[in-house]
Amino acid sequence: MIIIISKRSITLILISVFIVYFGAMILVAYLPQYLNFLDTPKPLISLTISIFLSTLFIFPPIIGRISDKLQNRYYFI
1 MIIIISKRSI TLILISVFIV YFGAMILVAY LPQYLNFLDT PKPLISLTIS
51 IFLSTLFIFP PIIGRISDKL QNRYYFI
């Protein structure tokens with residue numbers, strides 16, 4: 001099965017991935033400072049950041065397989 005993707009679709013995908021990961025990196029950079037300001041214990045800050053980054057690593061392949069099986073974009077909007 002050959003899938004043809006237009007340049008516009010690829011550009012849109014790359015822009016959306018950039019926005020998601022850019023936002024995630026901003027969150028990773030500033031969340032510890034904000035949680036320190038709120039006097040949150042350091043182990044809890046580390047756990048929060050670790051869980052967040054783990055979900056960024058683990059869930060995209062799972063969601064990709066689900067979307068390949070469903071063949072419908074509206075489930076994820």
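Take the sequence shown: its position 13, counted from the start at 1, is 13 in the UniProt record's numbering, and no numbers get skipped. The C-beta atom is built at its ideal place from N, Cα and C for all residues, glycine as well. Quick caveat, the model's predicted, so the values are computed rather than measured.
Cutoff 8 angstroms; reference residue i; Cβ partners in own chain excluding five residues on either side
i, result
"residue 32", "45 and 49"
Terminal residues of the alpha helix (DSSP H) in which residue i lies
i, result
"residue 47", "42-70"
"residue 5", "Premise fails: residue 5 is in no alpha helix (DSSP H) and is neither H nor E."
Neighbour flag for residue i against chain E, beta carbons, 8 angstroms
i, result
"residue 36", "This model lacks chain E altogether; it includes just one protein chain."
Backbone secondary structure at residue i - three-state DSSP
i, result
"residue 14", "helix"
"residue 38", "coil"
Does the contact criterion of 3 or more C-beta pairs under 8 angstroms hold for the stretch 51-58 versus the stretch 21-39?
yes
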